[in-house]
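For reference, each letter of the sequence shown is one residue, going 1 to 721 in my numbering.
Note that beta-carbon positions come from the ideal geometry of N, C-alpha and C, so glycine has one too.
Just below is one structure, and these are the notes that go with it.
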Amino acid sequence: MEISSKENAAFFSNSIILPVDHSSFKSESSSSKERQSCCGGIKIFLSALSFVYFAKALSGSYLKSTITQIERRFDIPSSLVGVIDGSFEIGNLLIIILVSYFGAKLHRPRIIGAGCLIMSAGTFLIAMPQFFMGRYRYERFPSIINSTDSLSPCLQEKNQIPHSTLEKSQSKINAGCEKEAGSSMWIYVLLGNLLRGIGETPIQPLGITYIDDYAVEENAALYIGCVQTLAIIGPIFGFLLGSLCAKLYVDIGFVDLDSVTITHKDVQWVGAWWLGYLIAGVISVLASIPFWFLPKHLPKPEGRKDSSSSSEQSKFITEDNKERQKSYQQHVKIAELAKGKFLESIFSLLNFLPSLKNLFGNPVYFLYLCASIIQFNSLIGMVTYKPKYIEQQYGQTSSKTNFVIGLINIPAVAFGIFSGGLIMKKFRINVLGAAKLSLGSSFFGYLLLLSLFAMGCENSDVAGLTVSYHGTKQITHFEQALFSECNSGCVCSKNDWDPICGENGITYISACLAGCQASNGSGKSTVFYNCSCVGILKSSSRSSSAVVGLCQKGNECPKMFLYFLVISVITSYTLSVGGTPGYILLLRCIKPHLKSFALGIYTLAVRVLAGIPAPVYFGVAIDTTCLKWGSKRCGGRGACRLYDSRALRYVYLGLTLVLGTGSIFFSIAVLWVLRKRSTPQDEPISASRRGTGLTKKRKDDFVNSDHLIQTTYWPEKETRL
């Protein structure tokens, strides 16, 4: 076996790097063609993988942008929306071990293509409930809905309502109760997102390792950075698509838009959330096409021909002798299909536990895994509820929120990831330097995030919730505070949410609770008059009026929102710089033949311990800050209508910072282990040694980096060195 290994090593090095005798090896011209084929092949795969990353990122970010829309459409709390968001990770959990461990043996490009088709099917499934459930119904006082009956918002007696109107209202409620089961159709959204997770599984572990196997070693970091950077374009388009769809009414094409009495600025507005999923599904189908025409293997680059163990396939493929090199692909197919495929699978299963033990026995891999899990808990929770935070904290619409995130925040993340890869290549940073860069970006990023505590807005003045009916700040919140002497003569429901803005700048939950006696106009232009509760703070109660909708937040809020955007962009860039160095650290701290498996376990751990629970417990924590819950048509608690801004800020930012601080401690431990094992050979290349031997030195640095971390001996190591 030793002789065979040496022969293979000699074959790989001589067949491309050196021009030799035509009778034994390839000619110089064929060697040049092979180099061009390798370069072209990896670039085609790089382009196809980038487009797939774009497609999956677009659909994933679009889901984030529709969180509040789905919450209102299905009338569910944030915690349940978190479960829907986490179902994507559950889909990954189902098959990621099998894909990452056995995927290296199979046709990796075609597996990625099949995953794209499954991902598109899940995206289409998410949009399906819109076509099977009833039209969206929002709460509005009857006179606002173009009613011919002139009603007083403040109903002194129930029999004041005309009998015909009461019958119509009751019939609508009964019809709504009969279709109440339609609200449970959020389950299809959950299942569709689950299917998306299954389809996305092979893209990262198989795609990244394919690039790392066939790219020139010194270009691997730049290629990975390019893939991740181009993938950021997906979220840009995803949030911009979310912004566009949020302006379109949910039932566009199904109802007369002139009959809609609310605008996209209304808190009850639901945009055409389903439309973006149809577009994302089509893009995923298109992304799958190139992978069905890509080869299973690419020629090895010159700088890596001397390594028989660097390829994922080297563990599974055996070459009998160098004379078979012309029929190499046929030999592999015969060996797999006719001789040893079944026994090979059994052997792989038997090696599963030892491989797992090998990974977790590596202290650098284990500590970096712990740091990543905690940090992704922080980032996933923050990103999932960032649109909701901006809407509730700064009083922005869903459309504007998604537009700002897509056009400002996401490009900062893209630039940060690309900068990380560029820094790694330009300064030729080794594993130790990558760990330092990753730690530094996390530390300064979370330090900047700390300043956002001072950039929040105060609660909107809502009578009975945040202020009393006399305008004084309210400390405790309880349902009876919604009623006051000014509306004691009215028959009002505490469950209604049809806010109006009084002339005094205070928002009232409904025109009835504001004590309004009359109204003029219809639809969006309705004006209420003689509102007794509005008149408490005015000299003349007869001139008190109110309009439909919430009052604007304080004058300082727009300025705070601007400060928030600036700090948020800088923070996003700073945290993203450490992304590519972290990937390189992960790839270089494990044995070459375990790269796919290690990335799969890494992805699995992040999905299970961060992707699934983070949106759920962030949602539960955010729900605790709700001041006013909506009510379902047939009873039961619906979606939250109003949050406590101060409590929301402390919960949202506090959870993010606490988790981020925990990840920094584990990153420090990673750096400590690397420093403890470092040797003088691991120092960066000095300026005096740069020159003609630069390429060889680069290779030696990576070999030394592997030796730094992988202290355990394995047979292929001799061949590689």
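What whole-angstrom Cβ distance do residue i and residue j have, given they're in contact under 8 Å?
| i | j | result |
| --- | --- | --- |
| Gly207 | Leu49 | 5 Å |
| Ile664 | Phe443 | 6 Å |
| Met119 | Ser378 | Between Ser378 and Met119 the Cβ distance is about 26 Å, and since that is not below 8 Å, they are no contact. |
| Arg84 | Asn193 | According to the sequence as given, residue 84 is Ile; it is not Arg. Between Asn193 and Ile84 the Cβ distance is about 6 Å, and since that is below 8 Å, they are a contact. |
| Ala121 | Leu195 | 6 Å |
| Ile506 | Gly471 | 7 Å |
| Cys457 | Met382 | Not really, about 18 Å apart at Cβ, beyond 8 Å. |
| Cys245 | Trp269 | Not confirmed; about 12 Å, so no contact. |
| Ile279 | Leu241 | 7 Å |
Within 10 Å of its beta-carbon, does residue i have 16 or more other beta-carbons around it, so buried, or fewer, so exposed?
| i | result |
| --- | --- |
| Gln552 | exposed |
| Ile601 | buried |
| Pro290 | buried |
| Leu337 | For Leu337, the predicted structure reports a pLDDT of 48, less than 50, and the residue's modelled location is therefore unreliable. A value from the coordinates is still provided. Classification of Leu337: exposed, given that the 10 Å Cβ count is below 16. |
| Lys388 | buried |
| Ser510 | buried |
| Ala454 | exposed |
| Val729 | Lying outside 1 to 721, the shown extent of the chain, residue 729 is not represented and no answer is given. |
| Trp292 | exposed |
| Val99 | buried |
| Asp723 | Absent from the structure is residue 723, since the part of the chain shown begins at 1 and ends at 721. |
| Leu555 | The amino acid occupying residue 555 in the given sequence is Asn; Leu does not appear at that position. So Asn555 counts as exposed. |
| Val658 | exposed |
| Lys676 | exposed |
| Ser705 | Low confidence applies here, because Ser705 scores a pLDDT of 40, under 50, leaving its location unreliable; read the following figure in that light. Under this definition Ser705 is a buried residue. |
| Phe239 | buried |
| Tyr563 | exposed |
| Gly654 | exposed |
| Gly60 | buried |
| Phe666 | buried |
| Gly361 | exposed |
| Asn487 | buried |
| Gly86 | buried |
| Lys459 | According to the sequence displayed, residue 459 carries Asn and not Lys. So Asn459 counts as buried. |
When you compare each of the options to residue i by their alpha carbons, which one comes out closest?
| i | options | result |
| --- | --- | --- |
| Lys628 | Gly41, Ile111, Val462, Gln204 | Val462 |
| Lys386 | Glu503, Trp672, Tyr62 | Tyr62 |
| Val566 | Gln517, Ser451, Cys492 | Ser451 |
| Ala127 | Glu217, Arg675, Val250 | Val250 |
| Ser522 | Gly406, Asp496, Cys531, Asp258 | Asp258 |
| Tyr662 | Ser519, Ser372, Leu58, Cys516 | Checking the displayed sequence, the identity of residue 662 turns out to be Gly instead of Tyr. Nearest option by C-alpha distance: Ser372. |
| Ser78 | Ile668, Leu46, Val620, Val658 | Val620 |
| Gly660 | Trp273, Gln393, Gly489, Ile380 | Ile380 |
| Leu599 | Val81, Ser355, Ala57 | Ser355 |
| Leu106 | Pro295, Arg73, Ser288, Leu248 | Pro295 |
| Leu674 | Ser631, Phe618, Leu585 | Leu585 |
| Trp497 | Leu642, Phe124, His264, Ala669 | Leu642 |
| Arg110 | Ile203, Cys512, Gly630, Arg135 | Ile203 |
| Leu671 | Ala220, Cys557, Lys436, Trp186 | Lys436 |
| Gly271 | Asn402, Leu117, Lys591 | Asn402 |
| Pro205 | Leu248, Leu125, Phe102, Phe237 | Phe102 |
| Tyr394 | Arg137, Cys557, Leu465, His297 | Cys557 |
| Glu485 | Cys531, Leu449, Leu447 | Cys531 |
| Val189 | Phe254, Leu222, Ile76, Gln228 | Ile76 |
| Phe74 | Asn92, Gly86, Gly134 | Gly134 |
| Ser734 | Arg646, Val227, Tyr469, Val569 | Any property of residue 734 remains undetermined from this structure, which presents the chain solely from 1 to 721. |
Going by DSSP, which residues form a beta bridge with residue i?
| i | result |
| --- | --- |
| Leu252 | In the sequence as displayed, the identity of residue 252 is Ile instead of Leu. Note: Ile252 sits in a beta bridge opposite Val255. |
| Arg637 | Ser631 |
| Cys516 | Cys531 |
| Tyr652 | Paired residue(s): none; Tyr652 is not in a bridge. |
| Ala280 | DSSP, once it has assigned bridges, lists no residue as partnering Ala280. |
| Ala463 | Val467 |
| Gly271 | Tyr249 |
| Ser545 | Tyr529 |
| Gly86 | Looking at the DSSP assignment, Gly86 forms no beta bridge with any residue, so it has no partner. |
| Leu642 | Lys628 |
| Cys735 | Examination of residue 735 is not possible in this model, given that the chain is present from 1 through 721 alone. |
| Lys56 | None, per the DSSP bridge assignment. |
| Lys425 | Per DSSP, none; premise fails for Lys425. |
| Lys473 | Val467 |
For the 8 Å Cβ check, are there 3 or more pairs between the stretch 430-440 and the stretch 549-565? no
Mind the definition here: the stretch 636-647 touches the stretch 52-67 only if three or more C-beta pairs lie below 8 Å; say whether that holds. no
The stretch 405-422 in contact with the stretch 572-582 per 3-pair CB rule at 8 Å: yes
Counting beta carbon pairs with one atom in the stretch 218-236 and one in the stretch 360-367, are three or more of them shorter than 8 Å? no
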